[in-house]
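A.B. asks: Here it is: the structure, laid out below.
2 protein chains.
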Amino acid sequence: MNYLENAITCMKGNVFPISRAQKGAVIYHQNDLARFRFEVAAGVIRTTYLFADGRRQVTGFCFEGEVFGTDQGIYKTSAEVVSETARVRRFCWGDSAEDERALNKSLGLLENSILLIGRRTALSRVAAFLADIRLRTKGSQWIPLPMPRADIADYLGLTVETVSRMFSELRRKRLIAQLEDHLVQIIDQERLEALAGVGTDEIPPGHASDNFPPHRTHYPR
Amino acid sequence: MNYLENAITCMKGNVFPISRAQKGAVIYHQNDLARFRFEVAAGVIRTTYLFADGRRQVTGFCFEGEVFGTDQGIYKTSAEVVSETARVRRFCWGDSAEDERALNKSLGLLENSILLIGRRTALSRVAAFLADIRLRTKGSQWIPLPMPRADIADYLGLTVETVSRMFSELRRKRLIAQLEDHLVQIIDQERLEALAGVGTDEIPPGHASDNFPPHRTHYPR
DNA sequence: CGACGCCTTGACCCCAGTCAAGTGTGGTGG
DNA sequence: CCACCACACTTGACTGGGGTCAAGGCGTCG
Chain A
3 MNYLENAITC MKGNVFPISR AQKGAVIYHQ NDLARFRFEV AAGVIRTTYL
53 FADGRRQVTG FCFEGEVFGT DQGIYKTSAE VVSETARVRR FCWGDSAEDE
103 RALNKSLGLL ENSILLIGRR TALSRVAAFL ADIRLRTKGS QWIPLPMPRA
153 DIADYLGLTV ETVSRMFSEL RRKRLIAQLE DHLVQIIDQE RLEALAGVGT
203 DEIPPGHASD NFPPHRTHYP R
Chain B
3 MNYLENAITC MKGNVFPISR AQKGAVIYHQ NDLARFRFEV AAGVIRTTYL
53 FADGRRQVTG FCFEGEVFGT DQGIYKTSAE VVSETARVRR FCWGDSAEDE
103 RALNKSLGLL ENSILLIGRR TALSRVAAFL ADIRLRTKGS QWIPLPMPRA
153 DIADYLGLTV ETVSRMFSEL RRKRLIAQLE DHLVQIIDQE RLEALAGVGT
203 DEIPPGHASD NFPPHRTHYP R
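These protein sequence lines map, in sequence, to chains A and B.
Per the numbering used here, the first sequence starts with residue 3, numbered consecutively.
Per the numbering used here, the second sequence starts with residue 3, numbered consecutively.
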């Protein structure tokens, strides 16, 4: 019985106090009734989907300030604590303005994930993954990676071996340095993002249809 | 100037009349100011993200009754008409209850997409893609695929050649039949979904932590 | 100490990307 | 009407990237 609720003291109203949970703790299960949404106060959360055949898809990681559990009705994924310890704030649905902000945050995270996973080569995926986390953890050169390699693999649609090899490759190319398995330093951010093919949004807003006619047929691979 | 707005007559209030748009029409561009959200009344829409290097990620397809353009602030993707013609209903942000429903629909679509794209083999991706569309177009054996193969490829992270080969493979295995390039019949739904590895949610809700202890380490590949 | 979890590395091989050619269809102009 | 081209889809041959299997290094725990 690993439910976070055990450790939570309920309060009247929509907002609950921040509560602690340890590594491996399950905050909610896929298919549970979705009564709450959450915001990460500290630590890292992963959301996972288990297929009937046992295969697993990690659908995302949530860092400080990010939200999860915004499904309505029933949770489609499970949420588990990745870091040694995490602190999360629990919300009831209710305050519309607040709810909408939460939903939008979730949407943004998911959109990013698709752009990440859709990448072609393994090296590009891992590079983009690191670049993405760097941004989301507010840009320090030191990137915390509390999740095991298997989580990264199941997130990017790769195997642990390949993920490991790509980290080694990035080290060999002097783009990153690893202090420990779960602490990475970005040495050459520019080349890393080039590898990642970061879409730095150079497409101008507004009436860009002149640049990209609607019937364009060929895109680079 | 392919903007849908040209064809739209504005009305006071939040809801606009349903408007028509032809194949290839751009409803909004990536990086445009996000003033509206949309619901598909007929036809098919695709949302795409263009990287700076010209590569393209199709982030989703929207069928009748589904919503798109729920980004807040700035559209992260472009939305284009895929089918010969489409009809979309435009909404302003405002009615909180309605807004929340729209956001939730979008969220569900994106979550599904991640589960689709995360699959390992090409055959599994295409099979899951077809199974998914069958569900979303309300279960007829006849599946409309108005989008070109290139769109499917850019959606699943494959190449057109591979997508084409997988369709042929599915035909050879007698799982599907193709009347034309863009109309597919599912012959053997069961085996198709088996290939897709459809997660038919056999994991019981509630306190399932006994079945899936938090520290489980090995998952099938 | 051994057992186990997690990560890494190597060897091998197959799946899917690449390059190329062929087919069928629709549009355009002579 | 046909000639020609553009486009979308398919298929084949080849190759390389990444999956698979196996072994080994650490760190932690009992």
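Just so you know, even glycine gets a beta-carbon here, dropped at the ideal spot from N, CA and C.
Quick caveat, the model's predicted, so the values are computed rather than measured.
A/G159 touches chain B at which residues, Cβ-Cβ below 9 Å?
C.D. replies: Those within 9 Å of A/G159 in chain B are I119, G120, R121, R122, G159.
A.B. asks: Give a yes or no on whether the C-beta atoms belonging to B/T139 and B/F70 are separated by under 9 Å.
C.D. replies: Result no, Cβ atoms of B/T139 and B/F70 do not sit closer than 9 Å.
A.B. asks: Suppose the cutoff is 7 Å on Cβ atoms and the five residues either side in sequence are ignored; what does the same chain contact list for A/T161 look like?
C.D. replies: If we look at A/T161 and ignore the five residues flanking it on each side, its Cβ neighbours are A155.
A.B. asks: Return helix, strand or coil for A/T202, following the three-state DSSP convention.
C.D. replies: Low local confidence applies: a pLDDT of 45 at A/T202 is under 50, so the model's placement there is unreliable, with the coordinate-based value given in what follows. A/T202 falls in the coil class under three-state DSSP.
A.B. asks: Given this structure, state the Cα-to-Cα distance separating B/I178 from B/Q191, to the nearest angstrom.
C.D. replies: Approximately 8 Å, taken between the alpha carbons.
A.B. asks: B/R57 CB to nearest chain A CB: under 9 Å?
C.D. replies: For B/R57, the answer is yes, since a Cβ of chain A falls inside 9 Å of its Cβ.
A.B. asks: Would A/L105 and A/T72 qualify as a contact pair, given that the criterion is a beta-carbon distance under 9 Å?
C.D. replies: Cβ distance < 9 Å, so A/L105 and A/T72 count as in contact.
A.B. asks: Flag this pair as yes or no: are the beta carbons of B/A23 and B/Y30 separated by less than 9 Å?
C.D. replies: For B/A23 and B/Y30, no; Cβs fall outside 9 Å.
A.B. asks: Distance, Cα to Cα, A/R121 vs A/R127?
C.D. replies: Going by the C-alpha atoms only, they are around 6 Å apart.
A.B. asks: Tell me which residues share the same chain as B/Y221 and place their Cβ nearer than 6 Å to its Cβ, disregarding the 5 neighbours each side in the sequence.
C.D. replies: For B/Y221, where only same-chain residues beyond five positions count, there are no Cβ hits under 6 Å.
A.B. asks: If B/V84 and B/P148 are in contact, beta carbons under 8 Å, what's the gap, nearest whole angstrom?
C.D. replies: Indeed they touch by this definition, with Cβ atoms about 5 Å apart.
A.B. asks: Output yes if chain A places a C-beta closer than 9 Å to the C-beta of B/V200; else output no.
C.D. replies: It does; some Cβ of chain A falls within 9 Å.
A.B. asks: Beta strand (DSSP E) containing B/R91: first to last residue?
C.D. replies: That run of the beta strand (DSSP E) goes 87-94.
A.B. asks: With a threshold of 8 Å, are at least 3 pairs of Cβ atoms found where one atom belongs to the region 112-120 of chain B and the other to the region 41-61 of chain A?
C.D. replies: Contact between the region 112-120 of chain B and the region 41-61 of chain A is present, because at least three Cβ pairs lie under 8 Å.
A.B. asks: Report the residues of the region 91-103 of chain B with a CB closer than 9 Å to any CB of chain A, ordered along the chain.
C.D. replies: Flagged, chain order: W95, S98, A99, D101, E102, R103.
A.B. asks: Take B/A130 as the anchor and find which of B/R193, B/Q74, B/S170 has the nearest alpha-carbon.
C.D. replies: The option with the nearest alpha carbon to B/A130 is B/R193.
A.B. asks: Distance check for B/R92 and A/S142, CA to CA, integer angstroms please.
C.D. replies: Each residue's Cα considered, the two are about 41 Å apart.
A.B. asks: Can you list, in chain order, the stretches of the beta strand (DSSP E) that have 3 or more residues and sit fully within the region 131-211 of chain A?
C.D. replies: With a minimum length of 3 residues, the continuous beta strand (DSSP E) runs that stay inside the region 131-211 of chain A are 144-146, 178-182, 185-188.
A.B. asks: Take A/L172 as the anchor and find which of A/E41, A/A198, A/L158, A/S115 has the nearest alpha-carbon.
C.D. replies: Selected option, being the one with the closest Cα: A/A198.
A.B. asks: Can you name the start and end residues of the beta strand (DSSP E) that A/G56 belongs to?
C.D. replies: Per DSSP, A/G56 belongs to no beta strand (DSSP E) and is neither H nor E.
A.B. asks: Taking 9 Å as the threshold (C-beta atoms), are A/L181 and B/E113 in contact?
C.D. replies: Their beta carbons are not under 9 Å apart, which means B/E113 does not touch A/L181 by this criterion.
A.B. asks: Taking C-beta pairs closer than 7 Å, name the residues in chain B that A/Q74 reaches, listed in chain order.
C.D. replies: By Cβ distance, chain B contributes N106.
A.B. asks: Does the Cβ of B/T61 lie closer than 8 Å to at least one heavy atom of the ligand ZN?
C.D. replies: For the structure depicted, the ligand ZN is absent and the ligand set is empty, with no information on it obtainable.
A.B. asks: I believe B/R89 touches B/I20 by the beta-carbon criterion, under 8 Å. Please report the beta-carbon distance rounded to the nearest angstrom.
C.D. replies: The pair is a contact, with the Cβ atoms about 5 Å apart (cut-off 8 Å).
A.B. asks: Name the chain A residues whose beta carbon is nearer than 9 Å to that of B/I116?
C.D. replies: By Cβ distance, chain A contributes Y51, Q59, T61, G62, L112, S115, I116, I119.
A.B. asks: Could you check if B/T202 is buried or exposed, using at least 16 other CB atoms within 10 Å of its CB as the buried criterion?
C.D. replies: Reliability fails at B/T202, whose pLDDT of 44 lies under 50, so the model's placement of it is uncertain and the value that follows must be treated cautiously. With fewer than 16 other Cβ atoms within 10 Å, it is exposed.
A.B. asks: Whose CA, out of A/R223, A/W144, A/P150, lies closest to the CA of A/Q187?
C.D. replies: The shortest Cα separation from A/Q187 among A/R223, A/W144, A/P150 belongs to A/W144.
A.B. asks: Who are the neighbours of A/L125 on chain B, taking C-beta pairs under 7 Å?
C.D. replies: Going along chain B, no residue has its Cβ under 7 Å from A/L125, so there is no contact; the nearest lies around 15 Å.
A.B. asks: If you count every other CB in all the chains shown that lies within 10 Å of the CB of A/R39, and 16 or more means buried, which is it?
C.D. replies: The residue in question, A/R39, is buried, as its Cβ has 16 or more Cβ neighbours within 10 Å.
A.B. asks: Taking Cβ-Cβ distances shorter than 7 Å, what residues in chain B pair up with A/P222?
C.D. replies: The contacting residues are D55, G56, R57.
A.B. asks: Quick check: is the beta carbon of A/D134 nearer than 9 Å to any beta carbon in chain B?
C.D. replies: Output row for A/D134: interface = no.
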